[in-house]
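Count along the sequence shown starting at 1, add 217, and that's the number in my numbering.
Note that the Cβ used here is the ideal one computed from N, Cα and C, for glycine as well.
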Amino acid sequence: MRSTTFANGDRMPLLGLGTWKAAPGEVGAAVREAIRLGYRHIDCASVYANEPEVGAAIRAAIAAGEVRREELWITSKLWSNAHGHSNVEPALRSTLADLGLEWLDLYLIHWPVAIRPGVGFPSSGEDLLPLEAIPLSDTWRGMEAVLERGLTRHIGVSNVSSRKLQALLTMARQRPEVNQVERHPLLQQPQLLADCAAAGILITAYSPLGSGDRPASLKGADEPVLLDNPVIGAIAAEHGCSPAQVLIAWQLQGGVSTIPKSVNPTRLRDNLAAADLTLTPPDLERISGLDQHRRLVDGSFWLLEGGPWSLQTLWDEP
Ligand code: A2P
Numbered sequence: 218m219r220s221t222t223f224a225n226g227d228r229m230p231l232l233g234l235g236t237w238k239a240a241p242g243e244v245g246a247a248v249r250e251a252i253r254l255g256y257r258h259i260d261c262a263s264v265y266a267n268e269p270e271v272g273a274a275i276r277a278a279i280a281a282g283e284v285r286r287e288e289l290w291i292t293s294k295l296w297s298n299a300h301g302h303s304n305v306e307p308a309l310r311s312t313l314a315d316l317g318l319e320w321l322d323l324y325l326i327h328w329p330v331a332i333r334p335g336v337g338f339p340s341s342g343e344d345l346l347p348l349e350a351i352p353l354s355d356t357w358r359g360m361e362a363v364l365e366r367g368l369t370r371h372i373g374v375s376n377v378s379s380r381k382l383q384a385l386l387t388m389a390r391q392r393p394e395v396n397q398v399e400r401h402p403l404l405q406q407p408q409l410l411a412d413c414a415a416a417g418i419l420i421t422a423y424s425p426l427g428s429g430d431r432p433a434s435l436k437g438a439d440e441p442v443l444l445d446n447p448v449i450g451a452i453a454a455e456h457g458c459s460p461a462q463v464l465i466a467w468q469l470q471g472g473v474s475t476i477p478k479s480v481n482p483t484r485l486r487d488n489l490a491a492a493d494l495t496l497t498p499p500d501l502e503r504i505s506g507l508d509q510h511r512r513l514v515d516g517s518f519w520l521l522e523g524g525p526w527s528l529q530t531l532w533d534e535p
């Protein structure tokens, strides 16, 4: 399995299991099966509302002697209602309690968006706090503190533009080591990748398969179905593999970590086997041609009347 090695010598497998949208009642079995198949990287978040079940599956696998905690890479994320330096440690401790683990391998600020404490999801602009009220740099101080306390071995961000990242880097005592963002052939993000590479920050790609199981409220009417893309399908047919495997191999070959979600044992196996697929230079060229800078998770759920955000200020794009 391809991995990246961080400055402290820790190795993170590039291919992980996504747990966003994996429902309680099925996520535990999926995590357990994934570990049996050989997954060693599990991507979690408190807002996915399934961490207790994910944690129970991880602990069961450890108790059964299938894996040691040290062999696993567990990521989780700070939800937006716990921004501000003093809120980070309680939020992380709550995630650790839910997972039943003593430490995380990686903790990320989930979005560069702050919600009023006590509010799960904003229902009006008043539930959102502008970055001037709680700057990302303030939340970052809390992230550095939990790192120094050993509650997580690495810290990073998610959904953060190059511009916000540069501002963070100017004040960071401990630099973010990962930026987790949406990435797939329709949204290839070459500039963000280059900027992160130059800063020594690893990209983890979420929604690598197009997240077709998103709730309807998070889908546009004319949305493309990535897994049905004819170019991806043709490449898959030439290699005798599945479109999902092409999408995953493309990320790994580019040195990008990725976290395809599945709760289905056959697809879990299929996705892991993508690590053995090698795409040819002409395949890569054809996939390059698919970029439309098309976001599937465009963050429009943060745009509430009277709130501080627009898509321009969220992504720092025209
Ligand atoms: P399921 O969980 O039933 O396998 P993403 O990782 O981009 O969020 O995409 C997740 C979606 O892709 C889920 O609907 C998941 O369904 C589906 N999926 C996962 N692996 C495969 C695969 N190998 N082939 C087809 N669909 C897949």
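Contact between the stretch 454-471 and the stretch 489-505 (3+ Cβ pairs under 8 Å): yes
Which of helix, strand or coil DSSP assigns to G359: helix
Entirely enclosed alpha helix (DSSP H) segments - the stretch 396-437, minimum 4 residues: 407-415
Proximity to L357 [Cα-Cα], best of E306, P339, L313, Q405: Per the sequence presented here, residue 357 reads as Trp, with Leu not at that position. Measuring from the Cα of W357, the nearest candidate turns out to be E306.
C-beta neighbour in chain D for A362, strict 8 Å: Among the chains of the structure shown, chain D does not appear; only one protein chain is present.
Of the residues P425, V330, S479, I418, the one placed nearest S517, counting alpha carbons only: V330
For T373, the residue or residues it bridges with in DSSP: One point to set straight first is that residue 373 is Gly, not Thr, in the sequence displayed. Paired residue(s): L325.
Distance CB(P339)-CB(L521) smaller than 8 Å: Against a cut-off of 8 Å, the Cβ pair of L521 and P339 comes out as a contact.
8 Å Cβ cutoff met for I259 and A278: no
Cβ-Cβ distance between S375 and I420 below 8 Å: Taking C-beta atoms as the reference points, S375 and I420 fail to come closer than 8 Å.
Near the ligand A2P: S378 beta-carbon under 7 Å from a heavy atom: no
Cut-off 8 Å between Cβ atoms - residues of its own chain near Q408, not counting five sequence neighbours on either side: S379
Where A274 sits in the DSSP three-state scheme: helix
Separation of H401 from L444, as counted between CA atoms: 11 Å
Any non-hydrogen atom of the ligand A2P within 7 Å of G429 CB: yes
Cβ-heavy atom distance, S459 to the ligand A2P, below 7 Å: yes
Beta carbon of L346 nearer than 8 Å to that of R333: yes
Segment contact flag, the stretch 460-472 with the stretch 389-398, C-beta cutoff 8 Å, min 3 pairs: Contact fails: fewer than three Cβ-Cβ distances are below 8 Å.
Contact test: G235 Cβ vs the ligand A2P heavy atom, cutoff 7 Å: yes
Alpha-carbon spacing of D355 relative to F223, whole angstroms: 25 Å
Near the ligand A2P: D515 beta-carbon under 7 Å from a heavy atom: Answer for D515: no, Cβ out of range of the ligand A2P.
One or two residues paired with M218 in a DSSP bridge: In DSSP, M218 forms no bridge with anything.
Helix, strand or coil at D260 [DSSP, three-state]: strand
Burial state of V248, where buried means 16 or more other Cβ atoms lie within 10 Å: V248 is buried by the Cβ-count criterion.
Those residues which DSSP pairs with M229 across a bridge: T221
Check: K294 C-beta below 7 Å from any heavy atom of the ligand A2P: no
Cα-Cα separation, L385 to G373: 11 Å
Reference I449; option with closest CA among G506, S434, D412: G506
Beta-ladder partner(s) of A331, from DSSP: L346
Residue burial classification, E250 (beta-carbon count within 10 angstroms, cutoff 16): buried
I465 - DSSP class collapsed to helix/strand/coil: Note: I465 maps to helix in three-state DSSP.
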